[in-house]
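For our numbering, add 1 to where a residue sits in the sequence shown, where the first one is 1.
In what follows, a structure is listed as structure tokens, so that the remarks can point back to it.
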Amino acid sequence: MIRKILHIDMDAFYASVEVRDNPKLYGLPVIVGGSPESRAVVCAASYEARKYGIRSAMPCSHAKRLCPQAIFLPPRFHYYREISQEIHKIFHQYTIEIEPVSLDEAWLDVTQNHKNIPSATWIAQSIKNEVHAKLNLICSAGVSYNKFLAKIASDEDKPNGLYIIRPEDASQFLQKMEVKKIPGVGKVTLKKLNSLGVYIGSDLLKKEEGFLTEQFGKMGGYLHQIIRGIDNRPIKTNRERKSISVEHTFSRDLHYVDCVPEKLRAVVIELQDRLKNKNLYGRTLTLKVKFQDFHQITRSLSREDFYLTENEIYQDLELKLKEATDQFSEKRVRLIGVGLSNLATQEELERQQQQLNFLNL
Ligand SMILES: [Mg+2]
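This is how it looks when you write it as structure tokens:
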């Protein structure tokens, strides 16, 4: 069955929110990011600022040189997150098949939808209207039959766009499309593609799969599929990846000093393997300890940024484990479980890191 996928992308989200809340900024070049005197990067730029060539992830100092009169505002991520939740409430009126990409972007599968609306385009238009009416913000929507094409489509007609790539039009669209638009094609891949004479889709279509795999490894197979409009990835909703956890029951009950930290290490390694397999990162750790008498405790901790390495995860858990076993020092440990939640994919992580970068500088 042909699916109906929407990609909804808020236009200049953070900047639009700031302008909405302070109408004096309307029509001005507004940049959300750090101070231009710092090494901060641009998180979002209004369309007026973009006219000066200002783009996300550009150093704010450079943006200031391009447009000295630009207005720089500090980001309010918690506030943007709240608004993002309001937007998701609108999506939820139509479907629960929602995959958030970042605060301002999501895929929706509306093949089956709560209102039994047959036209995905109609749903996209309704969502756009409601986002505008309820939140006074604009977004662009892409409509197609898979995630890749829906995402490409939402970018075609920005801002306030609505663009449809129908199955019968996909081939022609992709032949003319610049290959640099393919998600995952970064600078290095693009340079190599160009060196092989590949600039647009029709150039890529001429390359055989074997050749592409030889040149680009796994990426080659992906390119071969995607340029034919083939992308069978399902919508991954948050509920499907709420958390990942691992637990080990010991063959005998142990005191802390009996290698419990080493046992924890093994659990963390397994957790990290699972995360890697699914390409996920998380911000909230949960430790579960079950004692010899089956008394069970859990301890959680959350960070603002994602855990990137096994060591980071281990160090935080080890502290919690020490606290817990100190508290019940008379008891031996029977089981240790660790879980990671507040998960994000590599793609989400990269975006959020880009946005948070300046905070760490
Ligand atoms: Mg956006």
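Every residue gets a Cβ at the ideal spot worked out from N, C-alpha and C, and that includes glycine.
Source: prediction; values computed, not measured.
### Task
Report yes if the CB atom of S57 is closer than 8 Å to the CB atom of A45, and no otherwise.
Against a cut-off of 8 Å, the Cβ pair of A45 and S57 comes out as a contact.
### Message
Strictly by DSSP, which residues pair up with S141?
### Response
Looking at the DSSP assignment, S141 forms a beta bridge with D10.
#### Entry: Check whether A134 and H8 have beta carbons under 8 Å apart
Result no, Cβ atoms of A134 and H8 do not sit closer than 8 Å.
### Task
Could you tell me the distance, in whole angstroms, from the CA atom of G143 to the CA atom of I6?
Roughly 8 Å separates the two Cα atoms.
### Task
From the DSSP output, read off the bridge partner residues of R300.
Checking the DSSP bridge columns, you'll see R300 partnered with L288.
### Task
Compute the Euclidean distance between the alpha carbons of V31 and A16, then round it to the nearest angstrom.
Across the structure, V31 and A16 are spaced so that their CA atoms are roughly 6 Å apart.
### Task
Report the three-state DSSP secondary structure of C68 (helix, strand or coil).
In the three-state scheme derived from DSSP, where H, G and I count as helix and E and B as strand, C68 is classed as coil.
### Query
Between K159 and D12, which are expected to be in contact by the criterion C-beta below 8 Å, what is the C-beta distance as a whole number of angstroms?
Contact flag correct, Cβ pair sits at about 6 Å.
#### Entry: CB contact flag (L255, V334, <8 Å)
Cβ distance < 8 Å, so L255 and V334 count as in contact.
### Query
In angstroms, rounded to a whole number, what distance separates the CA positions of K207 and G187?
One C-alpha to the other measures close to 21 Å.
#### Entry: Given R167 as reference, the closest of P37, R4, R266 and R275 once Cα atoms are compared
The residue among P37, R4, R266 and R275 with its C-alpha nearest the C-alpha of R167 is R4.
### Task
Determine the direct distance from the alpha carbon of T285 to that of L302, and round the result to whole angstroms.
Computed Cα separation, rounded: 6 Å.
### Distance between beta carbons of V43 and C61, contact taken as under 8 Å
Between C61 and V43, the beta carbon gap of about 6 Å places them in contact (Cβ cut-off 8 Å).
### Query
Nearest CA to the CA of S342: which residue from D294, G283 and L336?
Of the residues D294, G283 and L336, the one whose Cα lies closest to the Cα of S342 is G283.
### Message
Going by beta-carbon coordinates alone, are L276 and K321 separated by less than 8 Å?
### Response
No, the Cβ-Cβ distance between L276 and K321 is not below 8 Å.
### Task
For Q293, I'd like the list of residues in its chain whose CB is within less than 7 Å of its CB, leaving aside the five on either flank, ordered along the chain.
The beta carbon of Q293 lies closer than 7 Å to those of D254, K332, R333 and R335 in the same chain, with the five residues before and after it left out.
### Query
Among the residues of its own chain, which have a CB less than 6 Å from the CB of L362, if the five just before and after it don't count?
Low confidence applies to L362: its pLDDT is 47, below 50, so where it sits in the model is not reliable, and the reading given next is rough at best. If we look at L362 and ignore the five residues flanking it on each side, its Cβ neighbours are R40.
### Task
Have a look at N233 and E83 and give me their C-alpha separation to the nearest angstrom.
Put simply, the backbone Cα of N233 is about 31 Å away from that of E83.
### Task
Could you give the DSSP three-state label for L362: helix, strand or coil?
Summary for L362: the model assigns pLDDT 47, below 50, so the residue's position carries little reliability, and this model does not support an answer.
### CA nearest to the CA of I128, picked from H89, Q113, E313 and E157
It is H89 whose Cα lies nearest to the Cα of I128.
### Query
Between the beta-carbon of G230 and the beta-carbon of S141, is there less than 8 Å?
No, the Cβ-Cβ distance between G230 and S141 is not below 8 Å.
### Task
Grab the span of the alpha helix (DSSP H) containing F217 for me, first residue to last.
E210 to F217 is the extent of the alpha helix (DSSP H) around F217.
### Query
Can you name the start and end residues of the beta strand (DSSP E) that S244 belongs to?
S244 to L255 is the extent of the beta strand (DSSP E) around S244.
### Query
Under the three-state reduction of DSSP, which class applies to I153: helix, strand or coil?
I153 falls in the helix class under three-state DSSP.
### Query
How about E106: is its Cβ closer than 7 Å to a heavy atom in ligand 1?
Yes, the Cβ of E106 comes within 7 Å of a heavy atom of ligand 1.
### Query
Within 7 Å: the Cβ of F376 and any heavy atom of ligand 1?
Any property of residue 376 remains undetermined from this structure, which presents the chain solely from 2 to 362.
### Query
Any chance the CB of S232 is under 7 Å from a heavy atom of ligand 1?
Strictly speaking, residue 232 in this sequence is Asp, with Ser absent from that position. Set against 7 Å, the gap from the CB of D232 to the closest heavy atom of ligand 1 is not smaller.
### Query
Counting along the chain, where does the alpha helix (DSSP H) carrying G340 start and finish?
Careful: G340 lies outside any alpha helix (DSSP H), inside the beta strand (DSSP E) at V334 to S342.
### Query
So does M11 have its beta carbon nearer than 7 Å to some heavy atom of ligand 1?
Yes, since a heavy atom of ligand 1 falls inside the 7 Å radius drawn around the Cβ of M11.
### Task
Pull up the CB-CB distance for S36 and F73, whole angstroms please, since I reckon it's below 8 Å.
Contact holds; Cβ gap of about 6 Å.
### Query
Could you give the residue range of the alpha helix (DSSP H) that holds P262?
Segment V261 to K279, the alpha helix (DSSP H) holding P262.
### Task
With hydrogens ignored, establish whether the beta-carbon of F174 is closer than 7 Å to any heavy atom of ligand 1.
Incorrect: F174 has no Cβ contact closer than 7 Å to ligand 1.
### Task
In angstroms with no decimal places, state the Cα-to-Cα distance between Y81 and D259.
C-alpha separation (whole angstroms): 47 Å.
### Task
With DSSP as the reference, please indicate the residues paired to D110 in a beta bridge.
Per DSSP, I6.
### Message
Using C-beta distances below 6 Å, list every residue in its chain close to E157, excluding the 5 sequence neighbours before and after it, in chain order.
### Response
Setting aside the 5 residues that flank it on each side, E157 is surrounded in the same chain by Y164, each with a C-beta closer than 6 Å to its C-beta; the list follows chain order.
### Message
Could you check if F217 belongs to the surroundings of ligand 1, using beta carbon to heavy atom distance under 7 Å?
### Response
F217 Cβ: outside cutoff for every heavy atom of ligand 1.
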